[in-house]
Amino acid sequence: MKKEILPPKAKKTPKTLEFHGDVRIDNYYWMNNRDNPEVIEYLNKENEYNQKMTAHTGDFQKRLFEEMKGRIKEDDESVPYKLNGYWYLTRFETGKDYPVYSRKKRELEAPEELLFDVNEMADGFEYYSLGGLNVSPDNKMVAFGVDTLSRRKYTIQIKDLQTGEIYPDKIENATGGSTWAADNKTLFYSKKDEQTLRSYRIYKHILGTDSSEDELVFEEEDETFNTYVYKSKSKEYIIIGSHSTLTTEYRILKADNPSGEFKVFQPRERGMEYSIAHYDGDFYVMTNKDKATNFRLMKTPVEKTTQENWVDVIPHREDYLLEDVDIFKKYLVVSERHNGLNKIKVMRWDNSEEYYIPFDNETYTAFTSINPSFDTDILRFTYNSMTTPTSVVDFNMETREKTVLKEQEVLDENFDKNNYLSERIWATAKDGTKIPVSLVYKKGTKLDGKSPLLQYAYGSYGSTIDPYFSTVRLSLLDRGFIYAIAHIRGGEYLGRNWYEDGKLFNKMNTFTDYIDVSEYLIQQKYTSAAHLYAMGGSAGGLLMGAVINMSPQLYNGVISAVPFVDVVTTMLDDSIPLTTGEYDEWGNPNNKDYYEYMMQYSPYDNVVRQEYPNMLVTTGLHDSQVQYWEPAKWIAKLRELKTDTNLLLFHTNMDAGHGGASGRFEALKEVAEEYAFLLDLEGIDH
């Protein structure tokens, strides 16, 4: 029956792309036009084909969705945190998709003040995102941003928390975030370029005035940089940040002097990154200055902020990556990574003691949480592992007592965390490098080479995929799947050098690491090629595209979400969002050496006549980060050239962008679709 359903055939309109003397013929370049009715028609045809080919799993998808939704506590509430005299809470109500934001004055027993019921606000919208909530210092107003298209272009408005009135002030095309000055009437915010969506300007808005009158206070003219604005934890400074992949720069202004001039903290130097935190007459600077690859912590007086005044607080260490610091009145809390594992170190300012908070296995994630209070002994952090649901913990830095405020409830009477096993193994790459892999599976799962295994990875931008708990993942584990996170080069799991070894002219390491992990998992009998599945999204979707060109025989199925696959064409088009800021990650193909290197792995450019695994590819029509036409063109070319009869399914969400659906549970329908694809390939339909 399935063979009678023919896939869409995209028309071919050859376009010659010539650069550095190299000629490429792109038959599907025409898809790069969202307003072309033929493009929409093609995407709809692919959606219809996907629907027909998966119709037999329709009921199973619904059951999976209900199963995953059923594990989640619908009437759930966040652990409250205290800020400026108020307790802030976020809750979800049964049957509703969006959060309700509220607060209580001084005591948790106080009457609730409703800030926003996003369910009411989202009514009538296919997509709705509320973000950037920012309460004024006098607690009387809140600024907020709304995106109804999923292009991450927000409209900022201001609500009077005493009357409930929303002021007429409207700031369009913003990032959503904003920062109040100390006067409760001046609001700083960042705006985006209409075409590239780069955040490039910081404006100052005076409450009650028209946004057309807003004053431009900073413009980031370097197209490889983005800019943003925030307030120091001490509340004493408004800070403008500019960052590219490799370089940062900050400007500071006293929060009580919003009409003053911002002062450059330390002028940018290519390759030098730094971040700043203010405390008691000094700024603390986390930086890679002077080849501190894994970063060091330094400090400098507020009146002398340039680098010649910086002195070490925590020097650079080869085997510890310094990731973050939290500053309290009596304590400095340092977040580090050692041998891939999160470490949280507590240090007294008076140097009387320092210690690490103890954690007990190799597949956990721990990070400091919301800690807005300055004068407190309590550190809030979050902990989970691949077998342990997420806990929010208050840790008393004085007594070292832990109080678990909340452990994520798994609403499944059959769930017992002791029924699952997690481990960390090390695969050997072709060049001898050891690649860590975090695994989880249900006890009793056979390690005989016949169990299905889903291998996930990302591997770009120094972004680390830590081993984490997932209620959704239980739908695979309980059906016999093993789940693996490959901590490949390009992330920062093993420190900054791990990232450097997977970018620019080392990018191929990311792809070969993933393949080497796959081969190791097969060799060690965790699975076999007939039962191995690969998954990645965005830059991880690029990873999927590269590995199936290089080693398609290793995988029975592949899921590639919002994939960045047309690398060379995209990186040559500086009108596309993100492109110029990506040069430090991938290289600039206007340089011939980078062009030639990218051409070695760009998935779209390397599709050839060969067999490919079963594939499910997803995207969003309004994606602001990876444009929909990249996977659309890729699918068309795969259909043209692949020599097998394996599944090739393409689903475009016609209403959403890079993050997928906006509703709390709507996103689970997309996961149910992905899991049904995998389970169907394994012949599991219950």
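Numbering of the sequence shown is given in the UniProt record's numbering, commencing with residue 1 and proceeding in unit increments. We treat Cβ as the ideally placed atom computed from N, Cα and C, and that holds for glycine. Being a predicted model, the structure only gives us computed values, none of them experimental.
Check, Outcome
"Alpha carbon to alpha carbon, what distance is there between Val-334 and Leu-322?", "8 Å"
"If you reduce the DSSP assignment to three classes, tell me which class Asn-414 lands in.", "coil"
"Just verifying my parser: in three-state terms, what is the DSSP assignment at His-531?", "helix"
"Using a Cβ-Cβ cutoff of less than 7 Å, which residues in the same chain neighbour Glu-443 once the five nearest sequence positions on both sides are dropped?", "Looking at the sequence itself, residue 443 is Lys, so the reference to Glu does not match. Excluding sequence neighbours, Lys-443 sits near Asn-419, Tyr-420, Leu-421."
"Would you call the CB atoms of Pro-389 and Glu-407 closer than 9 Å?", "yes"
"Helix, strand or coil: how does DSSP classify Leu-43 here?", "helix"
"From Tyr-154 to Lys-233, what distance separates their C-alpha atoms?", "25 Å"
"Report yes if the CB atom of Phe-295 is closer than 9 Å to the CB atom of His-278, and no otherwise.", "no"
"Determine contact between the region 514-530 and the region 491-505, defined as no fewer than three beta-carbon pairs at a distance below 8 Å.", "no"
"By how many angstroms is the C-alpha of Asp-59 removed from the C-alpha of residue 703?", "Nothing can be reported for residue 703, as the shown portion of the chain is limited to 1 through 686."
"Figure out for me which residue from Met-298, Thr-399, Leu-297, Lys-204 has the closest Cα to the Cα of Leu-253.", "Lys-204"
"By Cβ distance below 6 Å, which residues in the same chain neighbour Asp-466 in space, the five residues on each side in sequence not counted?", "Thr-365"
"Helix, strand or coil, according to DSSP, for Ile-5 in the structure here?", "coil"
"Report the rounded CA-to-CA distance for Phe-144 versus Lys-73, giving the unit in angstroms.", "27 Å"
"Just list the residues that DSSP pairs Gln-162 with in beta bridges.", "Its beta-bridge partners do not exist; DSSP assigns none."
"Between the C-alpha atoms of Lys-45 and Pro-8, what's the straight-line distance to the nearest angstrom?", "6 Å"
"Output the distance between the C-alpha atoms of Gly-340 and Thr-569, rounded to the nearest integer angstrom.", "35 Å"
"State yes or no: is the C-beta of Lys-669 within less than 9 Å of the C-beta of Gln-51?", "no"
"Identify the continuous beta strand (DSSP E) that holds Phe-359 and give its terminal residues.", "Phe-359 -> no beta strand (DSSP E), and no H or E assigned at all."
"Counting Cβ pairs closer than 8 Å, one from the region 347-360 and one from the region 505-514, do we hit at least three?", "no"
"So if DSSP puts Tyr-279 in a beta bridge, which residue, or which two residues, is it bridged to?", "Asp-282"
"Closer than 7 Å by C-beta to residue 693: which residues in its own chain qualify, once you throw out the five before and the five after it? Chain order, please.", "Nothing about residue 693 can be read from this structure; the chain reaches only from 1 to 686."
"Cβ atoms of Ile-482 and Val-440: under 9 Å apart, would you say?", "yes"
"Round the Cβ separation of Thr-227 and Ile-202 to the nearest angstrom and send it over; I've been treating them as touching at under 8 Å.", "6 Å"
"Using a threshold of 9 Å, state whether the C-beta atoms of Leu-89 and Leu-679 are closer than that.", "no"
"Just how far apart, CA to CA, sit Ser-259 and Thr-186?", "9 Å"
"Do Pro-613 and Asn-646 have their CB atoms nearer than 9 Å?", "yes"
"When you compare only the Cα positions, how much space is there between Pro-80 and Asn-497?", "38 Å"
"Among all the DSSP beta bridges, which residues are the ones paired with Ala-366?", "Tyr-383"
"Using the rule of at least 16 other Cβ atoms within 10 Å of the residue's Cβ for burial, across every protein chain shown, is Phe-374 buried or exposed?", "exposed"
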